[in-house]
Amino acid sequence: MTSASFQVPASEDTAEPLLELHFTACADRLKLIRDSIRATARMCGFDDGTAQSIVLAVDEACQNIIVHGYGERGEGIVILGLYRSDAGILVRLRDFAPRVDPTKVKPRALNDVRPGKLGSYFIREIMDTVEFRPGPEGKGNLLEMTKHTGEPQ
Amino acid sequence: MTSASFQVPASEDTAEPLLELHFTACADRLKLIRDSIRATARMCGFDDGTAQSIVLAVDEACQNIIVHGYGERGEGIVILGLYRSDAGILVRLRDFAPRVDPTKVKPRALNDVRPGKLGSYFIREIMDTVEFRPGPEGKGNLLEMTKHTGEPQ
Amino acid sequence: MSKSDKPQQEPSVVRLAGSVDLEHAPDVRKMLLDAVALGRNVLVDLSAASYIDSSGIACLIEALQKARSAGADLGLVAVSIQAMRVLELARLDMVFPIHDDIAAATAADA
Amino acid sequence: MSKSDKPQQEPSVVRLAGSVDLEHAPDVRKMLLDAVALGRNVLVDLSAASYIDSSGIACLIEALQKARSAGADLGLVAVSIQAMRVLELARLDMVFPIHDDIAAATAADA
Ligand SMILES: Nc1ncnc2c1ncn2[C@@H]1O[C@H](COP(=O)(O)OP(=O)(O)O)[C@@H](O)[C@H]1O
Ligand SMILES: Nc1ncnc2c1ncn2[C@@H]1O[C@H](COP(=O)(O)OP(=O)(O)O)[C@@H](O)[C@H]1O
Numbered sequence: 000m001t002s003a004s005f006q007v008p009a010s011e012d013t014a015e016p017l018l019e020l021h022f023t024a025c026a027d028r029l030k031l032i033r034d035s036i037r038a039t040a041r042m043c044g045f046d047d048g049t050a051q052s053i054v055l056a057v058d059e060a061c062q063n064i065i066v067h068g069y070g071e072r073g074e075g076i077v078i079l080g081l082y083r084s085d086a087g088i089l090v091r092l093r094d095f096a097p098r099v100d101p102t103k104v105k106p107r108a109l110n111d112v113r114p115g116k117l118g119s120y121f122i123r124e125i126m127d128t129v130e131f132r133p134g135p136e137g138k139g140n141l142l143e144m145t146k147h148t149g150e151p152q
Numbered sequence: 000m001t002s003a004s005f006q007v008p009a010s011e012d013t014a015e016p017l018l019e020l021h022f023t024a025c026a027d028r029l030k031l032i033r034d035s036i037r038a039t040a041r042m043c044g045f046d047d048g049t050a051q052s053i054v055l056a057v058d059e060a061c062q063n064i065i066v067h068g069y070g071e072r073g074e075g076i077v078i079l080g081l082y083r084s085d086a087g088i089l090v091r092l093r094d095f096a097p098r099v100d101p102t103k104v105k106p107r108a109l110n111d112v113r114p115g116k117l118g119s120y121f122i123r124e125i126m127d128t129v130e131f132r133p134g135p136e137g138k139g140n141l142l143e144m145t146k147h148t149g150e151p152q
Numbered sequence: 000m001s002k003s004d005k006p007q008q009e010p011s012v013v014r015l016a017g018s019v020d021l022e023h024a025p026d027v028r029k030m031l032l033d034a035v036a037l038g039r040n041v042l043v044d045l046s047a048a049s050y051i052d053s054s055g056i057a058c059l060i061e062a063l064q065k066a067r068s069a070g071a072d073l074g075l076v077a078v079s080i081q082a083m084r085v086l087e088l089a090r091l092d093m094v095f096p097i098h099d100d101i102a103a104a105t106a107a108d109a
Numbered sequence: 000m001s002k003s004d005k006p007q008q009e010p011s012v013v014r015l016a017g018s019v020d021l022e023h024a025p026d027v028r029k030m031l032l033d034a035v036a037l038g039r040n041v042l043v044d045l046s047a048a049s050y051i052d053s054s055g056i057a058c059l060i061e062a063l064q065k066a067r068s069a070g071a072d073l074g075l076v077a078v079s080i081q082a083m084r085v086l087e088l089a090r091l092d093m094v095f096p097i098h099d100d101i102a103a104a105t106a107a108d109a
């Protein structure tokens, strides 16, 4: 089955679709998408350093889908939509894994030096808004994140 | 509308989908996808130089869709599927533009020093197979290209 | 480089940076043709060009032809490995004069 | 670096190249823990590490903690701008000893 149109962003109607990446939820795919995320962030008006931070945030969100979302269930599909908004960039990350309970996604405490719980902390530190929604038609999850230009990262 | 599965490659059943890129047929999108194509070609076993040539071939095929396929009609959607096959890489490029007449896509003659007609010449020089098909359900076009590892480019 | 008509004049230098591709071809074409219109030899500095495609090559060919038909020439300077591979693919590596750097190009021209 | 127990011993050097990420975390973890198991101080050379994410950082933290609980230490060498940004984001830039290069690290240790 082939999609001939982009996902429609629910939250920011004026957002312009720049790139949509479809890939299997598998750790070795992330290196394929990082440079495209960076180039897209640059096209949305971010400097190199901030674009690199956005890459990290999106990468971490993809990792969470791979490790926690599909996890033991094996591989599924991830769809990463990147949009240029008036404010900066809108990222929409769709999976078809069991519903995430957003209250259970807790970034670690600041002074907690332990391996783990870093990913969601990075995401919240880097992005301006982070919102878990149920996927369209009740299937899977839709993580919407935005980052605005003109702010120090 | 969202596709939850990859396009099924018709020609190489064993090909593994690595990445699918959806974007608007617009010249400023090509810089967003080149690095991903390169990384995917590397993952398929090509060296840096050959991966870079594959980027050029795929980029030129996308340009042809932008310039000749949709052309004056304005922007449409392009779907670029990248697959790892036993032999190397399989590239599937889907558009929803009017049907291409493959006999009209003629690379220029070797000794012809003119601006133009270079794109399809590059594609045929770089790739091992290049095949225009009608798109599924008779809509648009499907350009399938392969490049095999273990051959000098 | 053609030494015939204007041996005493400094060549015009056009520096192309970033992607010399479909997106930037209109700007690149204008820069090159403006330089050719000055009537002097043109050197195209590609040291900062990270990527070149058939659209970029087409601009270079057009400018080269305009330059030559006006009795001047157009050379390429600091051609990257990627750009050289594309020129070779197009069998143009023997068509354009190619120099390591501006100094070498100017010396060749003198 | 901790000078306490083994001032006479050369540190073990682990060189991480490419992406220190989810894909490579199992290998990275093993390399680091193997080095820590030698009982000497460990220097992690990041000069060839192009990208590091939370999985890579988690490996470094685990190895640091194992090293310290064994009376040794683990330092980072040639940290790239990207890696430093990630360490700062994690508030770990003051937790790991960080050195410009191996020579500086060895001098600091002596
Ligand atoms: N996409 C997701 N699906 C299900 N659970 C998730 C998802 N993302 C995060 N979580 C939950 O939030 C926790 C914190 O995530 P994170 O900060 O990335 O740390 P870590 O991955 O090291 O556990 C995870 O342990 C997991 O329980
Ligand atoms: N995707 C396409 N759709 C329609 N026509 C195409 C397509 N690709 C190539 N062509 C035709 O083939 C010709 C040669 O293409 P190409 O070698 O890329 O040269 P150029 O783009 O410079 O004309 C084009 O001029 C066009 O007529």
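Protein sequence lines correspond, in order, to chains A, B, C and D. All residue numbers for the first sequence refer to numbering that gives the first Met the number 0, where the first residue is 0 and numbers rise by one. All residue numbers for the second sequence refer to numbering that gives the first Met the number 0, where the first residue is 0 and numbers rise by one. All residue numbers for the third sequence refer to numbering that gives the first Met the number 0, where the first residue is 0 and numbers rise by one. All residue numbers for the fourth sequence refer to numbering that gives the first Met the number 0, where the first residue is 0 and numbers rise by one. For glycine and all other residues, C-beta sits at the position ideal for the given N, C-alpha and C.
One Cα belongs to I88 of chain A, the other to C58 of chain D, and the distance between them is close to 31 Å.
Contact between the region 22 to 40 of chain B and the region 27 to 43 of chain A is present, with at least three C-beta pairs closer than 8 Å. C-alpha of I122 of chain B to C-alpha of R132 of chain B: approximately 16 Å in a straight line. Counting only runs of 3+ residues, the beta strand (DSSP E) found wholly inside the region 55 to 114 of chain B occupies 76 to 83, 87 to 94, in chain order. Rounded to the nearest angstrom, the gap between the Cα atoms of A77 of chain C and L42 of chain C is 10 Å. Bounds of the beta strand (DSSP E) holding G17 of chain D are 11 to 19.
Here the alpha carbon of D46 of chain A sits roughly 43 Å from the alpha carbon of E136 of chain B.
Under the 8 Å criterion on CB atoms, D58 of chain A is classed as interfacial with respect to chain D.
Relative to ligand 1, the beta carbon of P106 of chain A is positioned inside 7 Å of a heavy atom. Listed in chain order, the non-local C-beta contacts of A66 of chain D below 7 Å within the same chain comprise V35, V41, D72, L73, local neighbours out to five positions each way being set aside. Taking non-hydrogen atoms of ligand 2 into account, the C-beta of H147 of chain B is found less than 7 Å away from none of them. If you check the CB distance, I56 of chain D and L117 of chain A come in under 8 Å. Counted as a single uninterrupted DSSP element, the beta strand (DSSP E) harbouring V41 of chain D occupies residues 41 to 51. Beta-carbon to beta-carbon, L86 of chain D and F95 of chain D are separated by about 7 Å, close enough to satisfy the 8 Å threshold. Distance from the CA of P106 of chain A to the CA of R90 of chain C, rounded to the nearest whole angstrom, comes to 57 Å. When secondary structure is reduced to three states using DSSP, P16 of chain A falls in the strand class.
Under a 10 Å Cβ-count criterion, G139 of chain A is classified as buried, with 16 or more other Cβ atoms of the shown protein chains found around its own Cβ. Look at I64 of chain A: its beta carbon is less than 7 Å from one of the heavy atoms in ligand 1. Beta-bridge annotation (DSSP): P133 of chain A is paired with A:N140.
When DSSP states are grouped into helix, strand and coil, L59 of chain C belongs to the helix group.
The closest CA to that of L63 of chain D, considering only D:D26, D:I51, D:L31, D:L21, is found on D:L31.
Distance between V12 of chain C and M83 of chain C, taken at the CA atoms: about 19 Å. Inclusion of A48 of chain C and V19 of chain C in the CB contact set at 8 Å is warranted, their separation being smaller than that value. P25 of chain C is not a Cβ neighbour of T105 of chain C, given a cutoff of 8 Å. Pairing G70 of chain B with D94 of chain B gives a Cβ-Cβ distance that is not under 8 Å.
Shown here, T49 of chain B sits in a helix according to DSSP, grouped into three states.
Remark: the shortest separation between the CB of V129 of chain A and any heavy atom of ligand 1 does not fall under 7 Å.
Residue burial annotation: A24 of chain A is buried, with at least 16 other C-beta atoms found within 10 angstroms of its C-beta. Only those residues of the region 20 to 39 of chain A whose C-beta falls short of 8 Å from the nearest C-beta of chain D are listed: A26, D27, L29, K30, R33. Spatial neighbours of E15 of chain B in its own chain (CB-CB distance under 8 Å, excluding positions within 5 residues in sequence) are listed in chain order as Y82, R83, S84. When 8 Å is used as the limit between beta carbons, I97 of chain D is near no residue of chain A, the shortest such separation being about 15 Å.
Of all residues in the region 72 to 87 of chain B, none comes within less than 9 Å of chain C when Cβ atoms are compared. Within chain A, no residue has its beta carbon less than 7 Å from that of R67 of chain D; the closest one is some 11 Å off. Q62 of chain A counts as buried, since at least 16 other C-beta atoms from the protein chains shown sit within 10 angstroms of its C-beta.
Cα atoms of D44 of chain D and P101 of chain A: separation of roughly 37 Å, rounded to the nearest angstrom.
In the displayed model, T148 of chain B falls within coil according to three-state DSSP, outside both helix and strand.
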